[in-house]
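**Student:** So the protein lines, in turn, are chains A and B. Residues 1 to 307 in this note's numbering are what the first sequence spells out, letter by letter. Residues 1001 to 1259 in this note's numbering are what the second sequence spells out, letter by letter. Provided herewith is a single structure, encoded as structure tokens, for subsequent inquiry.
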Amino acid sequence: MDFIQTTIASFISLIPVTLAQSLILSFVVLGIMIPFRMLSFPDLTSEGAFPLGGCVCGVLLAAGASPLTAISVALIAGFAAGCCTAFIHLRFRIHTLLAGILMMTMLYSVNLRIMGKSNLSVFGSPTVFDWVPFVRPGFPASKIIAVGLIALVVFVLLNLYFKTERGTAVRAVGANPDMAEAQGINVWAATIGGVGLAGAFSALSGAVMVQSQGFADVNMGLGILINGLAALMIGEAIVGKQSVLRQIAAPFVGAIVYYQLVSLCLAAGMPPPDLKLATGLFVLAMLALPSLRRSRGAAPAREAFRE
Amino acid sequence: MLEIRSARKTFYRGQADEKVALNGLDLKLATGEFGVVIGSNGAGKSSMLNAVSGSLSLDSGQILVNGDDVSGLPVHKRAMRLARVFQDPMKGTAASMTVAENMLLADLRSKKRSLRPGLTGTRIAAYRERLSLLGLGLENRLDTRVELLSGGQRQSLSLIMAVGGSPDLLLLDEHTAALDPRTADIVMAATVRAVEQLKLTTLMVTHNMQHAVDFGHRVIMLDAGRVRLEIAGDEKANITVPDLIGHFAVKTDRMLLAS
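What follows is the structure, given as structure tokens:
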């Protein structure tokens, strides 16, 4: 009884902090979802774009730039990283996953170069959270309000965009690139733009994270991808993915639920080093579920992703 | 109008399995003309169609649509002028998107895509009306994802998508071959109706001799990457399936003698 009580007590006390963190990380989940679901382009760039955004933001903050400038430049850097991954895939016909691995490996060096050292403290620098009125800066409430607002705006804009003429064309590229091309859609432009956008979201997440935690670290992206995938799977299980609205809501809902679950596990005394194993097993289970449900026979046809 | 001027394409050039797909192919199709292309496997039918649509780049030669050279344009640029129905019903539609969204994509084929909402009320009404012409009930399934439709329904949808917006050139790539006979007849009837109504310049590849006899203004027989025989006018109007197969036999004999 005691165990349950302390677990619940520490879990509840962590809810606001975890919520703030999960809202920040929901942009990475978005950056994973857009290529994966909208473009059928399984992309690993986020593992490099997330720390890229963090490093760029950290260096700029340390140099005295305004927090908004730092975030904007981080966005551009992330966009460029995503574009590079898409270009590597399209131009050299390298598998999307390999293109992503190449990009994130190269980005590690780039990130180190940008910062000049492996971590950088920006504690005390102004952040976007300072601008939230009525709450004391540095508290989870200000982060939840600031990031929640950005998330809401992004959610609404993306939902509108993917229903416009152009947005529909981008989704067609993911659904059937041959058909899209035959319907006059520039597959290159849509893919590069879409994966670039995803990179920008991952970088945004990294930049806001640095402002939230007060330091940048080249290793901050380690495992972010598998966390993001797990969050996406949870989100899709909860809200589904049948419509554009649901598909775009899934990353946000998933991130919020997933990080609360992680917090619950930690509160229950799960050793943090085991977390990645648990997350990995969870993602594996979610991905394996459809094939287990279908039959016990031969493995069903693989999902048709671009090669 | 479509004009193919001495188109050449060789696959695996210089290798042991070198294959000449198009060997100086010339073809001219007047505006509003319906050409039916037949020929055995490997005669170059698909290569020709791919060269016209842009998914295959020629070694030499030119493709002209309405007098403009499109040889150097990529597929998505040529799509402004031409539409294509593929043999595989899966290929011509976006499976995970709805019927209405697919119609929208086709609707925008030759237009500039804007940031305005895609599926507006007026558009949906127009799509409903166009789909109702098929008589397959697709007009009531605008919000159904295309992957839930049957092969025949998907192919009919592809056809409606292709003929919408009256393209300068319509390419039909054995578009009834993957369907059961009854559905094939429905799709073929819809094709002929659309082509005649809109007076579309059409190039249809088929293996179905009956279709070659029944439809089109001209039969074009390909062999070894070039046009071997063209039948038009009265001769085309009076030709029968045995006649056509006879031509095939002659050609096959010649091929045997040549080899």
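A virtual CB, placed ideally from N, CA and C, is assigned to each residue, including glycine. Bear in mind that the values here come from a model prediction, so they are computed numbers and not experimental data.
Can you list, in chain order, the residues of its chain with a C-beta nearer than 8 Å to that of MET1209/B? Leave out the 5 residues immediately preceding and following it.
**Tutor:** Within the same chain, MET1209/B has close Cβ partners ILE1038, VAL1241, LEU1244 and ILE1245.
**Student:** Indicate the three-state DSSP secondary structure (helix, strand or coil) for ASP130/A in the structure shown.
**Tutor:** ASP130/A: helix per DSSP, three-state reduction.
**Student:** Should PRO300/A be flagged as near chain B, meaning a C-beta pair shorter than 8 Å?
**Tutor:** Its pLDDT being 44, under 50, PRO300/A is placed unreliably in this model, and the coordinates cannot settle the point.
**Student:** So, for PHE201/A: in the same chain, excluding its five sequence neighbours on each side, which residues have a beta-carbon less than 6 Å away from its beta-carbon?
**Tutor:** Only PHE27, LEU30 and GLY31 meet the Cβ criterion.
**Student:** Please name the residues in the segment 1073 to 1107 of chain B whose beta-carbon is closer than 7 Å to at least one beta-carbon of chain A, in chain order.
**Tutor:** Taking 7 Å as the Cβ-Cβ cut-off against chain A, the residues of the segment 1073 to 1107 of chain B that qualify are VAL1075, HIS1076, ALA1079, MET1080, ARG1084, LYS1091, GLY1092, THR1093, ALA1094, ALA1095, SER1096, MET1097, GLU1101, LEU1104, LEU1105 and ALA1106.
**Student:** Near GLY196/A, which residues of its chain fall below 6 Å by C-beta distance, leaving aside the five closest residues on each side in sequence?
**Tutor:** Here the set comprises PHE79, GLY82 and CYS83.
**Student:** Quick one: using the 10 Å Cβ neighbour count with 16 as the cut-off for buried, is ALA9/A buried or exposed?
**Tutor:** Burial call: exposed.
**Student:** Per DSSP, LYS1009/B forms a beta bridge with which residues?
**Tutor:** DSSP lists LEU1022/B as partners of LYS1009/B.
**Student:** Using the beta-carbon of each residue, which ones in chain B are nearer than 9 Å to ASP2/A?
**Tutor:** Residues of chain B passing the Cβ test: none, with the nearest at roughly 51 Å.
**Student:** Quick one: which chain A residues come within Cβ less than 7 Å of ARG1113/B?
**Tutor:** Within 7 Å Cβ-Cβ: GLU165, ARG166 and ALA169.
**Student:** Check for me: the alpha helix (DSSP H) holding THR1191/B runs from which residue to which?
**Tutor:** Note, THR1191/B: alpha helix (DSSP H), 1181 to 1198.
**Student:** Could you check which residue in LEU1133/B, ASN1041/B, GLN1155/B and ASP1107/B has the C-alpha nearest to that of THR1122/B?
**Tutor:** The shortest C-alpha separation from THR1122/B is found at ASP1107/B.
**Student:** Around the C-beta of TYR259/A, are 16 or more other C-beta atoms found within 10 angstroms, so that it is buried, or is it exposed?
**Tutor:** Buried: at least 16 other Cβ atoms inside 10 Å.
**Student:** Beta-carbon separation of PHE129/A and SER142/A under 8 Å?
**Tutor:** Going by C-beta atoms, PHE129/A is nearer than 8 Å to SER142/A.
**Student:** When you compare the CB of PRO1117/B with every CB in chain A, is at least one pair closer than 8 Å?
**Tutor:** Yes, PRO1117/B lies at the interface with chain A (some Cβ there is under 8 Å from its Cβ).
**Student:** Counting only runs that start and end within the segment 33 to 108 of chain A, where is the alpha helix (DSSP H) found for 4 or more residues in a row?
**Tutor:** You should have 46 to 62 and 67 to 92.
**Student:** List the residues of chain A that ARG1109/B touches, going by C-beta distances under 9 Å, in chain order.
**Tutor:** The answer, in chain order, is ALA182, GLN183, GLY184 and ILE185.
**Student:** Determine, for MET179/A, whether the minimum Cβ-Cβ distance to residues of chain B falls below 8 Å.
**Tutor:** Chain B contact via Cβ: present.
**Student:** Determine the extent of the alpha helix (DSSP H) in which LEU225/A is found, giving its start and end residues.
**Tutor:** Per DSSP, LEU225/A belongs to the alpha helix (DSSP H) from 224 to 239.
**Student:** Evaluate contact between the segment 1054 to 1061 of chain B and the segment 1093 to 1103 of chain B, counting only Cβ atoms and requiring at least three cross-stretch pairs below 8 Å.
**Tutor:** Touching, no.
**Student:** Would you kindly report the start and end of the unbroken beta strand (DSSP E) that includes GLU1230/B?
**Tutor:** Segment 1226 to 1232, the beta strand (DSSP E) holding GLU1230/B.
**Student:** Please tell me whether ASN159/A has its Cβ less than 8 Å away from any Cβ of chain B.
**Tutor:** By this cut-off, ASN159/A is not an interface position.
**Student:** Cα separation between SER40/A and LEU232/A?
**Tutor:** C-alpha separation (whole angstroms): 15 Å.
**Student:** Which term fits ALA203/A, buried or exposed, when burial requires 16 or more other beta carbons within 10 angstroms of its beta carbon?
**Tutor:** Looking at its Cβ environment, which holds 16 or more other Cβ atoms inside 10 Å, ALA203/A is buried.
**Student:** Can you find a CB in chain B that lies within less than 8 Å of the CB of ALA250/A?
**Tutor:** No, ALA250/A does not count as interfacial toward chain B.
**Student:** Does the Cβ of PRO290/A have 16 or more other Cβ atoms within 10 Å, making it buried, or fewer, making it exposed?
**Tutor:** Exposed.
**Student:** If you draw a straight line from the alpha carbon of ALA1030/B to that of GLY240/A, how long is it in whole angstroms?
**Tutor:** For ALA1030/B and GLY240/A, the distance between alpha carbons rounds to 51 Å.
**Student:** Does the segment 101 to 113 of chain A come within contact of the segment 48 to 65 of chain A, defined as at least 3 CB pairs closer than 8 Å?
**Tutor:** Yes, since at least three Cβ pairs between the segment 101 to 113 of chain A and the segment 48 to 65 of chain A fall closer than 8 Å, the two stretches touch.
**Student:** May I ask you to list, following chain order, the residues of the segment 66 to 86 of chain A that have a beta carbon less than 7 Å from some beta carbon of chain B?
**Tutor:** Listed in sequence order: no entries.
**Student:** Going by C-alpha to C-alpha distance, which of LEU1169/B, THR1144/B, ALA1212/B and GLY1165/B sits closest to THR1176/B?
**Tutor:** For the residues LEU1169/B, THR1144/B, ALA1212/B and GLY1165/B, the minimum Cα distance to THR1176/B belongs to ALA1212/B.
**Student:** Use the C-beta contact count for SER1259/B: other C-beta atoms within 10 angstroms, 16 or more gives buried, fewer gives exposed.
**Tutor:** Below a pLDDT of 50, predicted positions are generally treated as unreliable, and SER1259/B, at 47, falls in that range; the measurement from the model is reported next regardless. With fewer than 16 Cβ atoms within 10 Å of its Cβ, SER1259/B is classed as exposed.
**Student:** Could you check if GLU1129/B is buried or exposed, using at least 16 other CB atoms within 10 Å of its CB as the buried criterion?
**Tutor:** Exposed, because fewer than 16 other Cβ atoms sit within 10 Å of the Cβ of GLU1129/B.
**Student:** Can you find the residues in the same chain that come closer than 6 Å, C-beta to C-beta, to ALA86/A, ignoring five residues on each side of it along the sequence?
**Tutor:** Closer than 6 Å at Cβ, skipping near neighbours: THR191, ILE192 and VAL195.
**Student:** For the segment 1059 to 1136 of chain B, which segments carrying the alpha helix (DSSP H) assignment without a break, of at least 4 residues, lie completely within its bounds, in sequence order?
**Tutor:** For the segment 1059 to 1136 of chain B, whole alpha helix (DSSP H) runs of length 4 or above, ordered along the chain, are 1075 to 1078, 1099 to 1107 and 1121 to 1132.
**Student:** Is the shortest distance between the beta-carbon of ALA267/A and the beta-carbons of chain B less than 8 Å?
**Tutor:** No, its Cβ sits nowhere closer than 8 Å to a Cβ of chain B.
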